[in-house]
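237 is the number that our numbering gives to position 238 of the sequence shown; each next residue is one higher, with no gaps. Cβ coordinates follow ideal geometry from the N, Cα and C atoms, glycine included. Note that the coordinates shown come from a computational prediction; the quantities given were computed from them, not determined experimentally.
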Amino acid sequence: MKPPSPEPAASAFSRLGAWFKISHLSAGFIAVLVGYTSSVAIIFQAASAAGAQEAQLASWMWALGVGMGISCIGLSLAWKAPVLTAWSTPGAALLATSLGDIGLSQAIGVFIVSSVLITLCGITGWFQKIMNWVPHHLTSAMLAGILLRFGMDLFTSLQAQPTLVFAMVATFILARRLLPRYSVPLALLAGIVVAGVQGQLPLGGLNWTPAHPVWMAPSFSVSALIGVALPLFIVTMTSQNVPGLAVLRANGYSDVPASPLISWTGLTGIILAPFGGFAYNLAAITAAICMSPDADPNSRERYKASVWAGIFYFLTGIFGATVVALFAAFPHALVAAIAGLALLGTLGSSVHDALAIPAHRESALITFLATASGMSLLGIGSAFWGLVIGMVCHLALQHRRHS
0 MKPPSPEPAA
10 SAFSRLGAWF
20 KISHLSAGFI
30 AVLVGYTSSV
40 AIIFQAASAA
50 GAQEAQLASW
60 MWALGVGMGI
70 SCIGLSLAWK
80 APVLTAWSTP
90 GAALLATSLG
100 DIGLSQAIGV
110 FIVSSVLITL
120 CGITGWFQKI
130 MNWVPHHLTS
140 AMLAGILLRF
150 GMDLFTSLQA
160 QPTLVFAMVA
170 TFILARRLLP
180 RYSVPLALLA
190 GIVVAGVQGQ
200 LPLGGLNWTP
210 AHPVWMAPSF
220 SVSALIGVAL
230 PLFIVTMTSQ
240 NVPGLAVLRA
250 NGYSDVPASP
260 LISWTGLTGI
270 ILAPFGGFAY
280 NLAAITAAIC
290 MSPDADPNSR
300 ERYKASVWAG
310 IFYFLTGIFG
320 ATVVALFAAF
330 PHALVAAIAG
340 LALLGTLGSS
350 VHDALAIPAH
360 RESALITFLA
370 TASGMSLLGI
380 GSAFWGLVIG
390 MVCHLALQHR
400 RHS
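If you want it as structure tokens, here you go:
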């Protein structure tokens with residue numbers, strides 16, 4: 000009897016090893032690091048405004064981490080695309096100023112109703128139909144406008160902590176020449192080493208205690224639904240899901256259907272709302288990190304980076320506030336610098352795609368500038384308004400050319 004051929008085992012080992020590429024792991028970790036450090040304080044404020052106690056706050060973080068983790072992993076594997084989900088940061092800011100008047104029980108009711116509305120948007124398909132009308136050069140311009148601040152923050156952080164950030168930038172440039180695939184993770188490693196040497200990583204007091212879900216019964220009132228649930232739904236759709244889908248389109252994943260993505264984020268919210276999961280949506284900025292060529296030169300393999308992001312999100316949920324404290328220990332300059340470096344490639348390609356066709360440059364520039372301005376009208380952020388204003392300009396100039 001012949002011994003079994005070694006090829007199948009070697010092939011299986013190779014396939015398994017493909018899931019542990021450093022670029023995938025680092026892109027997923029950086030996405031989660033940027034996502035948490037940029038807005039987790041707002042979540043604490045929202046929970047505090049609702050009257051959540053310590054165990055309930057830990058449950059909020061458990062629900063958000065587990066919900067984002069499962070949805071990232073599931074949606075990315077289902078469509079073989081880097082689909083990243085996130086909590087609604089504008090929604091959290093809205094809740095931080097609104098929940099003090101209604102209390103925790105009605106807040107849970109608000110989360111459920113908002114998630115139901117998001118689910119209906121996905122099921123009916125109207126959101127995808129609207130987004131299909133938006134030209135590619137406008138979505139690229141909007142993405143560039145969103146990412147511009149992160150590119151600029153790279154250099155403002157250099158002013159704040161020159162030694163730390165210079166070491167990261169120098170490592171990035173050197174690795175770009177010698178080991179281009181590992182330039183971002185090596186820059187992150189350099190930042191961690193320098194921060195540790197400078198005593199800027201206070202990790203001694205961390206207590207790795209798992210978080211536990213706490214059921215919080217909902218209640219409903221017309222005033223809370225109109226005054227908080229409806230604005231939460233609108234803000235999440237316009238300020239989060241619109242740019243989130245635009246990022247997918249701008250990076251060439253136009254074959255990924257919008258309706259199922261929106262439906263699943265809404266369903267995730269319905270299930271986890273009683274535990275503190277206030278809103279789930281498509282991510283834009285953190286998704287761009289996983290869609291960058293630095294995550295993988297092959298765009299068909301970048302979904303593995305978002306799967307790793309989902310794994311890290313899941314772990315942050317399991318350990319709740321402890322992981323939040325870990326991420327909070329990273330110096331702000333380190334987080335700003337690694338975000339800027341990780342997004343350089345995506346920012347460059349977005350600017351190129353937005354301005355590639357001379358006839359579209361005016362509408363693309365208007366979209367870019369309006370988005371980058373950070374303006375807010377009617378409680379809705381600049382990404383949405385940049386797209387709206389740019390679309391009006393595009394249609395007007397298109398009519399002029401055809402007249």
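- Relative to the Cα of residue 61, the nearest Cα in the group 209, 41, 104 belongs to 209.
- DSSP places residue 386 within a helical segment (H, G or I) once states are collapsed to three.
- Distance from the CA of residue 82 to the CA of residue 392, rounded to the nearest whole angstrom, comes to 30 Å.
- The bridge partners DSSP lists for residue 280 are 85.
- Residue 362 is positioned such that its CB atom lies closer than 8 Å to that of residue 137.
- Taking every protein chain shown into account, the CB of residue 167 has 16 or more other CB atoms within 10 angstroms, so this residue is buried.
- Rounded to whole angstroms, the gap between the alpha carbons of residue 303 and residue 277 is 27 Å.
- Closest in alpha carbon position to residue 346, among 141, 53, 146, 47, is 146.
- When the five nearest sequence neighbours on each side are left out, the beta carbons in the same chain lying within less than 7 Å of the beta carbon of residue 101 are those of 223, 227, in order along the chain.
- Under the Cβ criterion (8 Å, minimum of three pairs), the stretch 106 to 123 counts as touching the stretch 227 to 247.
- Remark: C-beta atoms of residue 231 and residue 94 approach each other more closely than 8 Å.
- Excluding residues up to 5 positions away in sequence, 258 lie with their Cβ nearer than 7 Å to the Cβ of residue 124 in the same chain.
- Taking 8 Å as the cut-off, the beta carbon of residue 332 is found closer than this to the beta carbon of residue 159.
- Counting the other CB atoms within 10 Å of its CB gives residue 263 a total of 16 or more, which places it among the buried residues.
- In the assembly as shown, residue 211 is an exposed residue. Its beta-carbon has fewer than 16 other beta-carbons within 10 Å.
- Taking a cut-off of 8 Å for Cβ pairs, the stretch 235 to 244 and the stretch 38 to 55 do not touch, as fewer than three such pairs fall below it.
- At a Cβ-Cβ threshold of 8 Å, residue 285 and residue 85 count as neighbours.
- One Cα belongs to residue 216, the other to residue 315, and the distance between them is close to 24 Å.
- With fewer than 16 other beta carbons inside 10 angstroms of its own, residue 297 counts as exposed.
- Within the model, the alpha-carbon separation for residue 175 versus residue 329 is close to 24 Å.
- Going by DSSP, residue 302 is part of the alpha helix (DSSP H) stretching over 302 to 318.
- DSSP, read as helix, strand or coil, puts residue 350 in helix.
- DSSP, reduced to helix, strand and coil, places residue 101 outside both helices and strands of the structure shown, so it counts as coil.
- In the three-state scheme derived from DSSP, where H, G and I count as helix and E and B as strand, residue 273 is classed as helix.
- When the five nearest sequence neighbours on each side are left out, the beta carbons in the same chain lying within less than 6 Å of the beta carbon of residue 385 are those of 141, 144, 366, 369, 370, in order along the chain.
- Look at residue 173 here: in three-state DSSP terms it is helix.
- Following the DSSP letters along the chain, one finds residue 242 inside the alpha helix (DSSP H) bounded by residues 241 to 249.
- Pairing residue 171 with residue 99, the inter-Cα distance amounts to about 45 Å.
- The beta-carbon separation of residue 309 and residue 75, rounded to 7 Å, stays under the 8 Å limit for a contact.
- Rounded to whole angstroms, the gap between the alpha carbons of residue 214 and residue 267 is 15 Å.
- The beta carbons of residue 29 and residue 356 sit no closer together than 8 Å.
- Separation of residue 396 and residue 344 (C-alpha to C-alpha, rounded to the nearest whole angstrom) is 30 Å.
- Straight-line measurement puts the Cα of residue 45 at about 7 Å from the Cα of residue 96.
- Residue environment analysis places residue 351 among the exposed positions, since fewer than 16 neighbouring C-beta atoms fall within 10 angstroms of its C-beta.
- Residue 288 places its beta carbon less than 8 Å from that of residue 33.
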